[in-house]
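Participant:
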Amino acid sequence: MRRSLLFIPGNNPAMLQNADVFGSDAVIFDLEDAVNVLQKDSARNLMHCYLETHPNQPMEVVVRINGLDTDYYQKDLELIVSDNIDSIMLPKARVVYLNQLDEMLTKIEKEKKMKKHIKVLPIIELAVSVLEVEEIVKCPRVDGVLLGAEDLTSDMEVTRTKAGVEIEYPRARIAMACKAYQIDAIDTPFTDVNDYEGLLKDALHAQELGMNAKSAIHPNQLDTINKVFLPTEKQITWALRVRQATKEASEKGLGVFSLDGKMVDKPVMERAEKILMKAEKFGAI
Amino acid sequence: MNNKVNRFVPEGYRPFVSSSDYQNKERKLIKEKKQNNKIVFLKDIKEVFDYLNIQSGQTISFHHHLRNGDYVQNMVSQEVLRRDLKDLHYAPSAIFPSNAILADLIKNGNVTNVDTNYLNGPVSDVIGEGYLKGMLVMNTHGGRPRKIESGELPIDVAFIATPTVDKNGNGYGGIGKAACGSLGYAISDLMYAKKVVLVTDNLVDSLDRIELDKKYVDVVLVVDSIGDPKGIVSGTTKITKDPIGLKIANMTAKLLDEIGLIKDGMSMQTGAGGTSLAVASYVKNIMLEKGIKGSFASGGITGYFVDMQKKGLFDELRDVQCFDIDAVESYNNNPHHIGMSASKYANPYDDPVVDYLDVVILGATEIDKDFNVNVTTDSYGKIIGGSGGHSDTAHGAKVSIITTNLIKSRMPIIKDHVTTVTTPGEDIDILVCERGIAINPKRKDLLEKLKNSKLPIKTIDELYELAHSITGEPKKLNLSKEVIGVVEYRDGTVIDSLYRK
Amino acid sequence: MSDIQKIGSAGSVESNDCLVTISASDHLEVEIQSIVDAFFHDQIEKVVLDTLKEKGLNNVKVSLQDKGALDYTIKARLLTAIERMEAK
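Protein chains in written order, with numbering that gives the first Met the number 0: chain A, 0 to 284; chain B, 0 to 500; chain C, 0 to 87.
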């Protein structure tokens, strides 16, 4: 369960040094777009040495490797996959790539005698991936899906706008697919790092469509994101009341009961528990 | 001899005892100077030296509001060089890189003693190299007026850069080509120097507002230019964009809120740095959210506080020095933007404004496990600043907070012992850095208030360990033991010594 | 190919980074320029020497321009410089 995932360029020592202080639920160390092709080796070594020095991070450690259609991903995986990371983010994800990645990870986990089972966060940034998303969420290890709107809109040959009409459909479709398999639907980053109002609007809208987390490209965006994807006080109060009423009802042997004139049954109870779990995890109660 | 913070005090100086020790002594006041003669208007610095018969061995003072654009100190220094006067004692309220010519005077023995509150640039270099024959004394903003009014620092001639002077000899800082706003740091010099020279480039018939009363003035020197406006006030000072600075600022504001300091009638002071302003901006948001109205903000005033005052978040601004053009503009036009002298700001014996502060946000180049703070030297012992109002506000405010990065270029900011003590740890209540908050264990009340806080509250030793685990252990340097000066606490005692490079 | 042409370099002079250059030589030589030299010279040198030892390199010249890099950064930059040298 995540709310915020912060991108940190993999070849930037000054930013690496402080990656853990900003309070994002996950950090995505980027070996892909943030690293110049001439510095892929440098970034990989830096990440490797950094991760060795920081085995127990307070947040989820995700590494975005280079795509399976490049010459770099194999070396990325060989050097980066270890018990020091939690997840691999795969750009330009396709079902076929995800299956390949699973095989490679299984092999590395065995060779390195790892304790961890590495999770995978695919990025949906090709039109074809949007169509495949129902299959992608079923792939092994997939634990959340990120919408990559910049590449997707360029693949679609449409203009990327702040209002985001052009990504309405992929957002909804990804959210639906993720929720169907109870994994995280992670929204695309908001790229104007100085527009906090725009960010808030964008995050709220993504949430309305079913996204439950958002990636950030600047630490200053995290406050907003963490707030938007945290249950509201009203929701928490409601959920606590449902929990209490459920307890009282079950003492009376009731499976279904009514609260404020509305029926409370199993799905409602589950929804309340989900809200409380999230609120507890992120320190809201 | 070592003082109560265990620092060496050279012979002939009084050792620091405690930050409240001044209360055991009476205020000492020499007579204000009186000027019954007619004020003389002159056009050449040479004439001023002749008229006042400025001699070797005298003490000459300046104020620093024209900051890095100041021509007045340099103009006087040129004339000192030309006449080859020797053994002068300079007492400017601050020395900036633009005052580089003073480095030559020190090397030549024209100037052999210096009193100042803040020092950086080439003059710091030559003093650090041991060229000053006498002593460098680093004062605080409140200590300097105390020292002047008590006669401990007798001034022969005060050269006061004055942006506008009227034909009667009154002065004002808010208008003119070199307008700099409040002239707070010049007031003690004006009242107590044996001779007072206002140096201006803007002579007018009359002034609506007067900061410098003609009754103290001997000479008005009218020149083409007293300073470069570009170096005097900066453009609008801006909030930092650095995510670490913002994170620290955000935590600080939340902390203030949890302690219960963000309430009606609150008063606060921050520096003009980007992180300090960011604290102000987060505090502002909380004030707006909760509909809180503060009483005053003080210190060097920036456009940011001008804006907060205009929005009704503070009743008044108490301004000793304007930091930017917005502050100067407001100083001229806003009746709630009130000037104050350095003495009224920070002199321990003048019922100072700092004593009424709820909160002050301060910086640090180093802090140690005893919460002693250094803003005077870097970790090599090189002088890079000085207290200014640091120790004054830290003592006066109910809660003093240091905001700083825990690590700067691999250097952990928390030390076993700071290189130089500027402000004693007994007056520092809280340290906020990106990896946590440390409360001075002496502040049991604050620890109690924060015991259920979700903020990352740690001990300073824990933060020390954390920083060192990231950076590694820096080697201890063997710094020189040759004393070149002292850091004088606001009460005139010596809190630490300064050493040759 | 003579050993003299074997050279590799990695890193930058941005803050918290370092620029490392390594070249083949007839003896071991480590040259360090650092903004925190007075405090961390020995520690930086140790990282360099340990890494060279790990890679079995004895006759190389390493020069390092440091802007306050942490140990893992120094090690990573040196490793990359070595790989780049050896790729030539």
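Cβ atoms here follow ideal geometry from the backbone N, Cα and C, with glycine treated the same way.
(1) Reducing DSSP to helix, strand and coil, say where E472(B) ends up.
(2) Could you name the residues of the same chain whose beta carbon sits closer than 6 angstroms to that of I494(B), not counting the 5 residues immediately before and after it, in chain order?
(3) Unbroken beta strand (DSSP E) runs of length 3 or more, entirely within the region 219-275 of chain B: which are they?
(4) Nearest-angstrom Cα distance between K37(B) and I53(B)?
(5) Strictly below 8 angstroms CB to CB, what residues from chain B border G9(A)?
(6) From K30(B) to I59(B), what does the alpha carbon distance come to, in whole angstroms?
(7) Less than 9 angstroms between the C-beta atoms of D16(C) and A86(C), yes or no?
(8) With C-beta atoms as the reference, is V164(B) less than 9 angstroms away from V221(B)?
(9) Is the region 308-327 of chain B close to the region 180-200 of chain B, with three or more CB pairs under 8 angstroms?
(10) For P473(B) and chain C, any beta-carbon pair shorter than 9 angstroms?
(11) Using a Cβ-Cβ cutoff of 8 angstroms, what residues of the region 212-239 of chain A are near chain B? List them in chain order.
(12) Could you check the C-alpha separation between S14(C) and A18(A) for me, to the nearest Å?
(13) Assign S496(B) to one of three DSSP states: helix, strand, or coil.
(14) Judging by CA-CA distance, which residue of C432(B), A393(B) and S342(B) is the nearest neighbour of K146(B)?
(15) Is R143(B) helix, strand or coil by DSSP?
(16) Using a Cβ cut-off of 9 angstroms (strictly closer), state whether G67(C) contacts chain B.
(17) Do you know how far the Cα of C138(A) is from the Cα of A171(A)?
(18) Return the Cβ separation of A75(C) and H47(A) in integer angstroms, given the expectation that the two are a contact with Cβ distance under 8 angstroms.
(19) Work out the CA separation of A23(C) and M0(C) for me, nearest whole Å.
(20) Just the C-alpha distance for I412(B) and D369(B), rounded to the nearest angstrom, thanks.
(21) Give a yes or no on whether 9 angstroms exceeds the smallest Cβ distance from A13(A) to chain C.
(22) Any beta-carbon of chain C closer than 9 angstroms to the one on K3(B)?
(23) Going by DSSP in three states, S1(C) sits in which element: helix, strand or coil?
(24) Please tell me whether L287(B) has its Cβ less than 9 angstroms away from any Cβ of chain A.
(25) Listed in chain order, which residues of the region 71-99 of chain A have Cβ atoms closer than 7 angstroms to some Cβ of chain C?
(26) Nearest to H394(B) by alpha carbon, out of Y463(B), R499(B) and V359(B)?
(27) Do you know how far the Cα of L120(A) is from the Cα of Q99(A)?
(28) To the nearest whole angstrom, what separates the beta carbons of A202(A) and T223(A), a pair I think is in contact under 8 angstroms?
(29) Does any residue of chain A have a CB that is nearer than 9 angstroms to the CB of L245(B)?
(30) Would you mind sorting V255(A) into buried or exposed? The rule is 16 or more other CB atoms within 10 Å of its CB.
(31) In chain B, what lies closer than 7 angstroms to S11(C) by C-beta?
(32) Smallest Cα separation from L296(B): which of S224(B), V353(B) and H88(B)?
(33) In this structure, how does DSSP classify D217(B) when only helix, strand and coil are distinguished?
(34) Per DSSP, M88(A) forms a beta bridge with which residues?
(35) Using a 10 Å radius around the Cβ and a threshold of 16 neighbouring Cβ atoms, would you call L211(B) buried or exposed?
Facilitator: This is what the structure gives:
(1) Here residue 472(B) is taken as the residue at index 473 of the second sequence, counted from 1. In this structure, E472(B) counts as coil in the three-state DSSP scheme.
(2) Taking the second sequence and counting its residues from 1, one reaches residue 494(B) at position 495. Same-chain partners within the cutoff: F15, V420, V486 and Y488.
(3) 266-269
(4) Walking along the second sequence from the start, residue 37(B) turns up at place 38. Walking along the second sequence from the start, residue 53(B) turns up at place 54. If I take the Cα positions, the gap works out to 19 angstroms.
(5) Here residue 9(A) is taken as the residue at index 10 of the first sequence, counted from 1. Result: empty, since nearest Cβ-Cβ is about 17 angstroms, beyond 8 angstroms.
(6) As a first step, residue 30(B) must be located in the second sequence, where it is residue number 31. As a first step, residue 59(B) must be located in the second sequence, where it is residue number 60. Spanning the two alpha carbons is a distance of roughly 19 angstroms.
(7) Walking along the third sequence from the start, residue 16(C) turns up at place 17. Walking along the third sequence from the start, residue 86(C) turns up at place 87. No, the pair does not count as a contact, with Cβ atoms beyond the cut-off.
(8) Working through the second sequence from its first residue, we reach residue 164(B) at position 165. Working through the second sequence from its first residue, we reach residue 221(B) at position 222. Their beta carbons are under 9 angstroms apart, which means V164(B) touches V221(B) by this criterion.
(9) yes
(10) Taking the second sequence and counting its residues from 1, one reaches residue 473(B) at position 474. Interface residue, yes.
(11) H217, P218, N219 and D222
(12) Here residue 14(C) refers to the residue found at position 15 when the third sequence is read from its first residue. Here residue 18(A) refers to the residue found at position 19 when the first sequence is read from its first residue. Using only the alpha carbons, I get a separation of about 16 angstroms.
(13) For the purposes of this step, residue 496(B) is taken as the residue at position 497 of the second sequence. It is a strand residue.
(14) For this step, residue 146(B) is matched to residue 147 along the second sequence. The candidate whose alpha carbon is nearest that of K146(B) is S342(B).
(15) Taking the first residue of the second sequence as position 1, residue 143(B) is located at position 144. Three-state result, R143(B): helix.
(16) Along the third sequence, one-based indexing puts residue 67(C) at 68. G67(C) counts as touching chain B.
(17) The sequence position of residue 171(A) within the first sequence is 172, counting from 1. The sequence position of residue 138(A) within the first sequence is 139, counting from 1. When rounded, the distance between both Cα atoms is 20 angstroms.
(18) As a position in the third sequence, residue 75(C) is number 76, starting the count at 1. As a position in the first sequence, residue 47(A) is number 48, starting the count at 1. Indeed, because the Cβ distance is near 7 angstroms, the residues count as touching under 8 angstroms.
(19) The residue you call residue 0(C) lines up with position 1 of the third sequence. The residue you call residue 23(C) lines up with position 24 of the third sequence. Because M0(C) sits at a pLDDT of 43, beneath the cut-off of 50, its placement in the model cannot be relied upon, and the following sentence gives the value as read from the coordinates. One C-alpha to the other measures close to 12 angstroms.
(20) Stepping through the second sequence from its first residue, residue 412(B) is reached at position 413. Stepping through the second sequence from its first residue, residue 369(B) is reached at position 370. Answer to the nearest angstrom: the Cα atoms are 13 angstroms apart.
(21) The residue you call residue 13(A) lines up with position 14 of the first sequence. Interface residue, yes.
(22) Looking up residue 3(B) in the second sequence gives position 4. It does not; no Cβ of chain C falls within 9 angstroms.
(23) Numbered from its first residue, the third sequence carries residue 1(C) at position 2. Confidence in S1(C) is poor, its pLDDT being 47 and thus under 50, which makes the residue's placement unreliable; the coordinate value appears in the next sentence. DSSP places S1(C) in coil when its eight states are reduced to three.
(24) Indexing the second sequence from 1 puts residue 287(B) at position 288. So, not an interface residue.
(25) none
(26) Along the second sequence, read from residue 1 onward, the residue named residue 394(B) stands at position 395. Nearest of Y463(B), R499(B) and V359(B) to H394(B), Cα basis: V359(B).
(27) Residue numbering aside, residue 99(A) sits at position 100 when the first sequence is read from its first letter. Residue numbering aside, residue 120(A) sits at position 121 when the first sequence is read from its first letter. If I take the Cα positions, the gap works out to 14 angstroms.
(28) Locating residue 202(A) in the first sequence gives position 203, counting from the first residue. Locating residue 223(A) in the first sequence gives position 224, counting from the first residue. Right, the Cβ-Cβ distance comes to about 6 angstroms (below 8 angstroms), so this counts as a contact.
(29) Here residue 245(B) corresponds to residue number 246 of the second sequence, with the count starting at 1. At least one chain A Cβ lies under 9 angstroms of L245(B).
(30) Here residue 255(A) corresponds to residue number 256 of the first sequence, with the count starting at 1. Exposed, since its Cβ has fewer than 16 Cβ neighbours within 10 Å.
(31) On the third sequence, position 12 is the one that residue 11(C) refers to. Going along chain B, no residue has its Cβ under 7 angstroms from S11(C), so there is no contact; the nearest lies around 15 angstroms.
(32) Within the second sequence, the letter at position 297 stands for residue 296(B). For the sequence presented, residue 296(B) should be read as Ala rather than Leu. Selected option, being the one with the closest Cα: V353(B).
(33) Numbered from its first residue, the second sequence carries residue 217(B) at position 218. Here D217(B) sits in coil by DSSP.
(34) For this step, residue 88(A) is matched to residue 89 along the first sequence. In the DSSP output, where bridge partners are listed per residue, M88(A) has R63(A) and L120(A).
(35) For this step, residue 211(B) is matched to residue 212 along the second sequence. By the 10 Å Cβ count, L211(B) comes out buried.
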